[in-house]
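What follows is one structure encoded as structure tokens, with my remarks underneath.
In our numbering, the protein residues as written are 1349 to 1504.
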């Protein structure tokens, strides 16, 4: 994010400098308006290219981070049963578990729940989500969850 903000600032500075250059060119009597338009178009193109490069760089840096740690950075919408299931898992205090249900499979498809390694039959909460468990649980103190995992897998 800091690279993106820095890129926007440097792009704004680049545009300001180039517009100043165009103004100086326009002040000179022997330069045509067509030349000034060309310089202004080049300045605008350079600024746009700089923003594209910064955005590509930011995407490249994001892609280098392991999938488990980036799972929390994307906004997700959970159903009420998924929230209750995740709340039960987090209140239990164990990141890895073997219980399975439809809501666990749907959270697996969303990247909230992952397999610890390929071919494993257990599940685990993604690291990025697990690191935010205190906030998640404290925001839902009033919601109750049963002591044991429901037989049908549905909390609600």
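Note that the Cβ used here is the ideal one computed from N, Cα and C, for glycine as well.
Here's a check: name, in chain order, each residue in its chain whose Cβ is nearer than 8 Å to the Cβ of residue i, leaving out the five neighbours to either side.
i            : result
residue 1491 : 1431, 1432 and 1435
residue 1469 : 1446
Among residues of its own chain, excluding the 5 on either side of residue i, which ones have a beta-carbon nearer than 7 Å to its beta-carbon?
i            : result
residue 1493 : 1432, 1435, 1436, 1439 and 1503
residue 1453 : none
I need the DSSP call for residue i, collapsed to helix, strand or coil.
i            : result
residue 1488 : coil
residue 1290 : Examination of residue 1290 is not possible in this model, given that the chain is present from 1349 through 1504 alone.
residue 1453 : helix
residue 1461 : strand
residue 1482 : helix
Work out the CA separation of residue j and residue i for me, nearest whole Å.
i            : j            : result
residue 1482 : residue 1400 : 37 Å
residue 1381 : residue 1388 : 10 Å
residue 1484 : residue 1465 : 25 Å
residue 1463 : residue 1442 : 14 Å
residue 1480 : residue 1455 : 16 Å
residue 1487 : residue 1495 : 19 Å
residue 1391 : residue 1444 : 54 Å
residue 1467 : residue 1489 : 35 Å
Would a C-beta distance cut-off of 9 Å place residue i and residue j closer than the cut-off?
i            : j            : result
residue 1461 : residue 1473 : yes
residue 1429 : residue 1393 : no
residue 1426 : residue 1458 : yes
residue 1471 : residue 1448 : yes
Starting from residue i, trace the alpha helix (DSSP H) in both directions and tell me its first and last residue.
i            : result
residue 1433 : 1428-1440
I'd like the list of long-range same chain contacts for residue i, defined as Cβ closer than 6 Å, with 5 residues on each side in sequence excluded.
i            : result
residue 1497 : 1447
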